[in-house]
Structure formats: structure tokens, C-alpha cells
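With the sequence shown counted from 1, adding 2 to any position gets you this note's numbering. Only one structure is covered here, and it is reproduced in the block below.
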Amino acid sequence: MPGSPPPATTPGGPMETGRPTVAAAEEILGGYFPVLDHGFVALVDYMGSDTDVERAARVSYGIGTRKRSETRGLIRYLRRHRHTTPSEMVELKFHCSMPMFVARQWIRHRTASVNEYSGRYSVMPLLFYRPERESFALQTRMNAQGRGEGASAEVWKEALRRWDRLRSGAGEAYGWLLGEDVARELARIDLPLSTYTQWYWKIDLHNLLHFLSLRADAHAQWEIRAYASVMAGMVKRVAPLTYEAWVDFDLCGEAMSLAELRALRRMLEPTEGGGIRARRGRDGIGRAGLAALGLSPREIRELLEKLRPREKPDFELDLAAMRTAESVSRAMADAAPRIS
3 MPGSPPPATT
13 PGGPMETGRP
23 TVAAAEEILG
33 GYFPVLDHGF
43 VALVDYMGSD
53 TDVERAARVS
63 YGIGTRKRSE
73 TRGLIRYLRR
83 HRHTTPSEMV
93 ELKFHCSMPM
103 FVARQWIRHR
113 TASVNEYSGR
123 YSVMPLLFYR
133 PERESFALQT
143 RMNAQGRGEG
153 ASAEVWKEAL
163 RRWDRLRSGA
173 GEAYGWLLGE
183 DVARELARID
193 LPLSTYTQWY
203 WKIDLHNLLH
213 FLSLRADAHA
223 QWEIRAYASV
233 MAGMVKRVAP
243 LTYEAWVDFD
253 LCGEAMSLAE
263 LRALRRMLEP
273 TEGGGIRARR
283 GRDGIGRAGL
293 AALGLSPREI
303 RELLEKLRPR
313 EKPDFELDLA
323 AMRTAESVSR
333 AMADAAPRIS
């Protein structure tokens, strides 16, 4: 935190820095956390912390003049009332590796600076995502883009067999084309969407939290949620007060429409003492009553889902799983085809 920052470490040894740092973030800086079977997320740099969010909002005070409780109160106020520009003063830069189909979802968030691994001039590591039994499921009947109940072991095993056959052929063809000195930009074109790619991804804290609100949500695809969970754990270390407010107001909080608020107001009322109580004579509102307030059948289902208890996620990082950049680089190099 602000004050006397700990010494930074460089390849040449420790050095002093005048840049504000966060001890919890420094502990994981440059460490690689595994995701899925061959993927990873690393926080390679960051600029700013909760203090910088507060300083940007207040502008007129110097560092070290506020109590932590005051910083927390302001950050929660900003989050609650959607004042987002102060959190744009903080930036995080990640190095990530993910299957291409995850990358295609990820890149839809257009508020980051991205440099992706290029198969035009670099050899692609032949690493393919292989879903575990627990994450393999049938198509849901309720959502055109989601998973439903689990598939049988027989279907899963047959899917793996077919996937392995396809990937083996694609990898063999890729290696042969490279060996024949075919242009790399052509040799790569039939690699499947399960192939791992990687990129550097730099984004400000406001837009990162928007990304995490969508991708750490239970409705997001399971694979991208795995990445969002690790990145949320990194935010927790860089800006813990902002992280806490994000979990409370965004990830675990809910927006209410006018019709939903009308339904709640029919059931509840404020008390003179500053509390809330059930309205006299009200013991519930049926589906017909909710529909009369203007809620569609889907909106009614979503309102009921909002009112159900929800477990608060933690997103704590497993430091024992953290790998070095050197070990990750070796694994990538070992997976690339050998060409003479």
C-alpha cells in the first residue's frame, strides 16, 4: 500500500522504486496460474491500486492522508452509483493462453489492448483442449447457448475418441506442411478451435470488472469462467477494496426493473425507525399478479432467481499452483512441431 513501497525485483537484482505497489500483487507478479488442461493466466504488470481510484475521485488530496475506512466508503459509493472513471486510472496487463473458441468469446470485449500469438510467423504449439468428464454435458432445453444435464460416460468417451482422431490428423498435416516449407500462414488454416493460442491483454480496471461481471457469472460458458475466476483473484490482490465492492454490488448484486420494484413494494414497506417490514395483509403475489405488473414469463423466472440465496464466491488464488515463466515457455516449445 502507499507509503514506503517494497523494493522491486529485476533480473539484475533488487532496486528501489517510487511507484506505488501492493505487496499482495507483487507476490504473484510474473507467476503463471494454470487454467483448464494447457492454459494459463499471468499478471505481468499493473499500474495503480485502490488508492489511485480514490485519488482520481477526490483529486485534491495527497497520498497517505486518508484512513482505509474512508477509502473503502468512497470506493463502495462509486461502485454503487456507477461512477466508473476513477477506476479507469488503474490498469492490469495479463499474459493468457486459452483455446481458440474461448479467445473468440473473449475478444468480443473490445475495451482492451491485445497482441495475440501469430501463426503466420511462429510455429503453433500442438496443444488441444480436452474437456473433463465433469464439464461435458448435453444441450440445455432452456437456452440455445448453454449446457444442460450431464452426458453419459459412453457419449463422452466416444466424443474424446473422435476429437483425438481429428486433432491427430490436423496436427500431423500441420507438421508435414511445415516440413515441406509451406508458408506458415497456410499450414495453420485447418487447426481446430480447440487449439491453444495466447496473447497479452492490457485493460483498465473499470472495463476489466465489466468483463468479469459477464464472464465470471454462472450463465457464462464454463471454460471462460475458469479464466475469469483466476483473473478475479488477481484483481483481489491489486485492488482488494474495489474487488469487494464489485462482488457485493455487481457480481452478487442484482438490478431491478420498475415492474420488479413495484412487486417488492407491494410486499414490503419502510418503517419510521429506518427499517423494513412486510405490508399488512400481504402474504404473496402469484404469477398472475406479477404478470399484471407487466412481467413476462421469462422476467418472472429471472425475478424468482434473483430472490434465491446465492453463495458468495471467494476467487482466492492457489499459490502452490503458480508456475514460472521459464517452465511455461519450455512446455510451449516442447509442444511445437520440430522443423528442420
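Beta carbons are placed, not taken as given, at the ideal position from N, Cα and C, and that holds for glycine. The structure presented is a predicted model; accordingly, all values stated were derived computationally and were not measured.
Under the three-state reduction of DSSP, which class applies to residue 3: helix, strand or coil?
Sequence index remark: in the sequence shown, residue 3 carries index 1 (1-based). At residue 3, the pLDDT of 37 sits below 50, so the modelled position is not reliable and the matter cannot be decided from this model.
Alpha carbon to alpha carbon, what distance is there between residue 44 and residue 274?
Numbered from 1 along the sequence shown, position 272 holds the residue referred to as residue 274. Numbered from 1 along the sequence shown, position 42 holds the residue referred to as residue 44. Cα-Cα distance, rounded: 52 Å.
Give a yes or no on whether the C-beta atoms belonging to residue 37 and residue 153 are separated by under 9 Å.
To locate residue 37, count along the sequence shown from 1; it is residue 35. To locate residue 153, count along the sequence shown from 1; it is residue 151. It is not a contact, given that the beta carbons lie outside the stated cut-off.
Does DSSP classify residue 130 as helix, strand or coil?
Within the sequence shown, numbered from 1, the residue matching residue 130 stands at position 128. The answer is strand: DSSP assigns residue 130 an E or B state.
In terms of residue numbering, what span does the beta strand (DSSP E) encompassing residue 49 cover?
Walking along the sequence shown from the start, residue 49 turns up at place 47. Residue 49 -> beta strand (DSSP E) spans 41–49.
Pair every Cβ in the region 319–329 with every Cβ in the region 104–120, then say whether three or more of these pairs are closer than 8 Å.
Touching, no.
Does the beta-carbon distance from residue 138 to residue 196 come in below 9 Å?
Numbered from 1 along the sequence shown, position 136 holds the residue referred to as residue 138. Numbered from 1 along the sequence shown, position 194 holds the residue referred to as residue 196. Not closer than 9 Å, so no.
Assuming residue 200 contacts residue 99 (C-beta within less than 8 Å), just tell me the rounded distance between them.
On the sequence shown, residue 200 is found 198 positions in, with the first residue counted as 1. On the sequence shown, residue 99 is found 97 positions in, with the first residue counted as 1. So it is a contact: roughly 4 Å between Cβ atoms.
Name the residue from 119, 79, 246 whose alpha carbon lies nearest to the alpha carbon of residue 202.
Position 200 of the sequence shown holds residue 202. Among 119, 79, 246, the Cα nearest to that of residue 202 is on 119.
Which stretch, first to last residue, makes up the beta strand (DSSP E) that contains residue 97?
Here residue 97 is taken as the residue at index 95 of the sequence shown, counted from 1. Taken as a continuous stretch (DSSP letters only), the beta strand (DSSP E) holding residue 97 covers 93–101.
Once the 5 residues before and after residue 270 are set aside, which same chain residues still bring their CB inside 8 Å of it?
In the sequence shown, the residue the question calls residue 270 occupies position 268. Excluding sequence neighbours, residue 270 sits near 278, 279, 280, 281.
Could you tell me which of 21, 34, 75 sits nearest to residue 51, measuring between CA atoms?
Translated into the one-based positions of the sequence shown, residue 51 becomes position 49. Nearest of 21, 34, 75 to residue 51, Cα basis: 21.
For the putative contact between residue 239 and residue 26, defined by C-beta atoms under 8 Å, what is the C-beta separation to the nearest angstrom?
Locating residue 239 in the sequence shown gives position 237, where the first residue counts as 1. Locating residue 26 in the sequence shown gives position 24, where the first residue counts as 1. Confirmed, about 4 Å.
Touching or not, the region 205–212 and the region 80–96, by the rule of three or more beta carbon pairs under 8 Å?
Output reads yes: the region 80–96 touches the region 205–212.
Grab the span of the alpha helix (DSSP H) containing residue 160 for me, first residue to last.
As a working note, residue 160 is residue 158 in the sequence shown. Taken as a continuous stretch (DSSP letters only), the alpha helix (DSSP H) holding residue 160 covers 155–181.
Identify, in the order they occur along the chain, each residue of the same chain with its Cβ nearer than 8 Å to the Cβ of residue 176, setting aside the five sequence neighbours on each side.
One-based indexing of the sequence shown puts residue 176 at position 174. Once the five neighbours on either side are set aside, the close Cβ partners of residue 176 are 126, 128, 189, 190, 192, 193, 339.
Within 10 angstroms of its Cβ, does residue 335 collect 16 or more other Cβ (buried), or is it exposed?
Counting from one through the sequence shown, the residue named residue 335 turns up at place 333. Exposed is the call here.
At which residues does the alpha helix (DSSP H) containing residue 109 begin and terminate?
Counted from its first residue, the sequence shown places residue 109 at position 107. Taken as a continuous stretch (DSSP letters only), residue 109 belongs to no alpha helix (DSSP H), as it is neither H nor E.
With a threshold of 16 other CB atoms inside 10 Å of the CB of residue 221, please say whether the residue is buried or exposed.
Translated into positions along the sequence shown, residue 221 becomes position 219. Exposed is the call here.
Taking the alpha helix (DSSP H) that residue 79 falls in, what are its first and last residues?
Counting from one through the sequence shown, the residue named residue 79 turns up at place 77. First-last of the alpha helix (DSSP H) with residue 79: 70–82.
Closest to residue 361 by C-alpha separation, out of 268, 259, 312, 217, would be which residue?
Examination of residue 361 is not possible in this model, given that the chain is present from 3 through 342 alone.
Apart from the five residues on each side of it in sequence, which residues of its chain come closer than 6 Å, Cβ to Cβ, to residue 97?
On the sequence shown, position 95 is the one that residue 97 refers to. These residues qualify, in order along the chain: 44, 46, 202.
Jot down the residue ranges of each uninterrupted beta strand (DSSP E) in the region 222–310, minimum 3 residues, whole runs only, in chain order.
DSSP runs (the beta strand (DSSP E)) wholly in the region 222–310: 270–272, 278–280.
Please report the straight-line C-alpha distance between residue 295 and residue 284, rounded to a whole angstrom.
Walking along the sequence shown from the start, residue 295 turns up at place 293. Walking along the sequence shown from the start, residue 284 turns up at place 282. Distance between the alpha carbons of residue 295 and residue 284: 16 Å.
Can you list, in chain order, the residues of its chain whose CB lies under 6 Å from that of residue 40, leaving out five sequence neighbours each side?
Here the question's residue 40 lines up with position 38 in the sequence shown. For residue 40, where only same-chain residues beyond five positions count, the Cβ hits under 6 Å are 129, 198.
For the putative contact between residue 232 and residue 319, defined by C-beta atoms under 8 Å, what is the C-beta separation to the nearest angstrom?
Counted from its first residue, the sequence shown places residue 232 at position 230. Counted from its first residue, the sequence shown places residue 319 at position 317. With a Cβ gap of about 7 Å, residue 232 and residue 319 count as contacting.
Three-state secondary structure (DSSP) at residue 54?
Walking along the sequence shown from the start, residue 54 turns up at place 52. Reduced to three states, the DSSP call for residue 54 is helix.
Going by other Cβ atoms of all chains shown within 10 Å of its Cβ, with 16 needed for buried, is residue 299 buried or exposed?
For the purposes of this step, residue 299 is taken as residue 297 along the sequence shown, with counting starting at 1. Label assigned to residue 299: exposed.
Could you tell me if residue 394 is buried or exposed, where buried requires 16 or more neighbouring beta carbons within 10 angstroms of its beta carbon?
Nothing can be reported for residue 394: it is not among the residues displayed for the chain, which extend from 3 to 342.
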